[in-house]
Each structure stands twice: as structure tokens, then as C-alpha cells.
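One structure is given here, and the rest of the page talks about it.
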């Protein structure tokens, strides 16, 4: 029985980890050996058959202050994982993003003699390259999902391989060719975390209020990933509607983000994975983000933003694909004209559509038949752990 652990701490990592686990099982079946996949993950990894030591959904916080509030939860999870690592001694530990926590677990795994592979690189090109030597000492393989990341690790001695972005496969797999974009439908994507919704949905609704006065033909929808997120959005929406009865009707949808990324004409989104999904799906966006003051202060001191952007499609393309607004910039004064520029017929619409195609190409879409990122990652893991040892 072979045993590989996958460690995913966030929702996106859970999805990537599930796909990786499934492709590892396919590889083990092709080799005629039995494989057990364990570790830490969320519902997607559980559904993929991963025997989780820890359910990662309890760690879904963001920002420095939020982590401090949950520090004892993190300590408890860390101790539980270390105990299981010592007992199970997996053949390898695959870390997916979530750098601070995964780095701690990875260091202990390496001391136990467990090979460490990183899938979805920490954003060392944002936080600074001082982490690269530490990663090179920790990992025997780095699997990156952005093409420019191979250059980031060049000269470090760390075996690095570009496998493509898993979102490219996932978005394309759920694409419905029968869906036609509705030029008058604007999708609001306020995020999935409570803090994001509390900080972003109200200014989004204020923007809708002003935009609808100028463009009465527009219709609106709020897309959410889960019922609890939808309930939070509905509460904010109901309160805003009581104070602004002229607000147009807005439906709150659950689990239909992929549909609206294809069906909506334009979107207003929180920064995050959804912006990459939207670029792949071809949805023009204006992107917003707010964090609490302490998170912003620490980030301002510690983080040198890559190309002065916090939006991944802009970083991938090394140019402005989507307009982005941070903190006090998130207001109707800025967002209404930004959305008008990317509405069908707007002055920036054609440019954005062309730039989204560029993002697809940079993520690995060369227009030909291609293997999925998770399949390539699974092969790299298998070869690194089993074939190079034989």
C-alpha cells in the first residue's frame, strides 16, 4: 500500500487537491498498485476519496488579524497533523499553496524523512524572493501553475516544472456551448468569506444603485458558492433595500458562478480565484478588494506588490487586463465609470476581450489537445517519489 498526503488549506486548494488525488489514483491503477491519499482538505478532497486527518474548512480565514484571532485553532490543527505524520509516515507530502502553515508542516515532514513536493507555488514573486532558498532546501520538486514562475526559481537549484493552471481545465470542463451572453446582465461576485462580503457587498450595491439610474436596461445577480454565503449576502441586500427602495431587483444565486461567468455580459468581482476563472471564461470584470486596517498596514510594510497589482490576470499578463480598486477606491464614483467602459459597446470592451484570450494562452491553452494540469502534476509527483527512488 502506497500512501501520499496532500495538504490544502483554502477552497481553491481543496479543488486542486481533489483533482490531483483522482489523477494519482488513476496513475496508481495504471501501475497496478494500491494507493491511499490522506492529509488535510475540504469537501472536494473528501468527495475524491481523500482520508483527511483535518477538515481544512475551519481554517478559511484571511489576513493577519484574522489569523491571530484563530491562532489556537491553527496550533491544534498543526499538532494533530504532526501526530498523524509520525504515525502514518506517508511516502510523500504534497503541499498546495497556503504557504505559512504548509511551510511549518513541511519542515517537520522533512525532518521525519518524508519527501516534500509543492504544487501551486507560494507567491514569492509578490512577497519577495527571500523565501526561495528556504523552499529549495525544503522541497525536492516545485510544480508551478504560472509560466513566469519557472524563471522565478531559475538558479535556485530547486527542480521546477510548469504543469499548467488547473482552473483552465476546470472552467473548460463545465463550459456549456449553448449559453449565450446576455449583454444586459451584470454579475456581482462579492467573494466567499464573511469579511469580504461585509466590506464589499454594500459598495457594490451602491454602485448598482447609481449605475441603474444611468442604464435602466441592466439587470443584476449576486452569485455565491454556498448557502451560508448566500444567507449573508441576502441579509446585506435586504438591509440595503430597506434604506434604498429604488434599488432594482437582485437575485441571490447559489452554486451558479460558472453559469453566470458564461451568461453575464459584465461583472463586478472581489479579487481572488474568481478573477482567473472569469478571465478564462471570457467575462469582463472590474475588480475590488478591501481588508481590515491592520492587515493593510502590515501588507504595506511587508509586501511589494508585483507590477503594482493585486489581480491575478493582470499579474499573469504583465499588463492591465481588469481595472482594479483597493480600499477607499471601492466606491461608485470609481466603479460606475469603470463598468461603463467594459459594458458591451464600452470604450474598453474590445481590449479586455483580447487580453482575456492572452491570459488563457499564458495559462497553457495553445489551441491544441492538451493534458490537464492535475494529470501532469500527478505524473510529476509519481515520477519524483517512486521512479527516481527505484
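Residue numbers (my numbering): 50 to 439. Glycine included, C-beta positions come from ideal geometry on N, C-alpha and C.
Cβ-based burial, residue i [other Cβ within 10 Å; buried from 16]
i: residue 149; result: exposed
i: residue 77; result: buried
i: residue 393; result: exposed
i: residue 61; result: buried
i: residue 198; result: buried
i: residue 235; result: buried
i: residue 329; result: buried
i: residue 399; result: exposed
i: residue 227; result: exposed
i: residue 339; result: buried
i: residue 122; result: exposed
i: residue 50; result: exposed
i: residue 265; result: exposed
i: residue 229; result: exposed
i: residue 295; result: exposed
C-beta contact flag for residue i and residue j at 8 Å
i: residue 173; j: residue 180; result: yes
i: residue 267; j: residue 261; result: yes
i: residue 54; j: residue 87; result: yes
i: residue 441; j: residue 259; result: Because the chain is modelled from 50 through 439, residue 441 falls outside the range shown and cannot be assessed.
i: residue 337; j: residue 374; result: yes
i: residue 47; j: residue 371; result: Nothing can be reported for residue 47, as the shown portion of the chain is limited to 50 through 439.
i: residue 56; j: residue 120; result: no
i: residue 63; j: residue 105; result: yes
i: residue 286; j: residue 270; result: no
i: residue 215; j: residue 423; result: yes
i: residue 85; j: residue 52; result: yes
i: residue 59; j: residue 147; result: yes
i: residue 384; j: residue 256; result: yes
i: residue 161; j: residue 185; result: no
i: residue 379; j: residue 320; result: no
i: residue 429; j: residue 192; result: yes
i: residue 440; j: residue 289; result: With the chain covering only 50 through 439, there is no way to say anything about residue 440.
i: residue 314; j: residue 233; result: yes
i: residue 134; j: residue 163; result: yes
Coarse secondary structure for residue i, derived from DSSP in three states
i: residue 198; result: helix
i: residue 147; result: coil
i: residue 440; result: Here the chain comprises residues numbered 50 to 439, so residue 440 is not present and cannot be evaluated.
i: residue 300; result: strand
i: residue 228; result: coil
i: residue 92; result: helix
i: residue 364; result: helix
i: residue 59; result: coil
i: residue 420; result: coil
i: residue 271; result: strand
i: residue 168; result: strand
i: residue 219; result: helix
i: residue 85; result: strand
i: residue 353; result: A caution first: residue 353 carries a pLDDT of 46, below 50, which makes its placement in the model too unreliable to give a value.
i: residue 236; result: strand
i: residue 319; result: strand
i: residue 242; result: coil
i: residue 278; result: helix
i: residue 203; result: coil
i: residue 163; result: coil
i: residue 370; result: coil
Backbone CA spacing between residue i and residue j [nearest angstrom]
i: residue 166; j: residue 433; result: 9 Å
i: residue 317; j: residue 272; result: 11 Å
i: residue 391; j: residue 231; result: 14 Å
i: residue 189; j: residue 244; result: 36 Å
i: residue 218; j: residue 194; result: 12 Å
i: residue 403; j: residue 129; result: 48 Å
i: residue 322; j: residue 304; result: 15 Å
i: residue 153; j: residue 141; result: 16 Å
i: residue 124; j: residue 95; result: 22 Å
i: residue 396; j: residue 239; result: 25 Å
i: residue 70; j: residue 427; result: 8 Å
i: residue 389; j: residue 139; result: 53 Å
i: residue 293; j: residue 326; result: 32 Å
i: residue 406; j: residue 275; result: 29 Å
i: residue 221; j: residue 420; result: 13 Å
i: residue 312; j: residue 223; result: 13 Å
i: residue 171; j: residue 308; result: 30 Å
i: residue 101; j: residue 66; result: 12 Å
i: residue 436; j: residue 376; result: 49 Å
i: residue 203; j: residue 413; result: 20 Å
i: residue 136; j: residue 82; result: 22 Å
i: residue 157; j: residue 143; result: 13 Å
i: residue 205; j: residue 297; result: 55 Å
i: residue 75; j: residue 263; result: 54 Å
i: residue 68; j: residue 242; result: 23 Å
8 Å Cβ cutoff, residue i in contact with chain D
i: residue 138; result: In the structure shown, chain D does not exist; there is a single protein chain.
Stretch-stretch touch, CB-based, cutoff 8 Å, three pairs: the region 275 to 294 with the region 198 to 210: No: fewer than three Cβ pairs fall under 8 Å.
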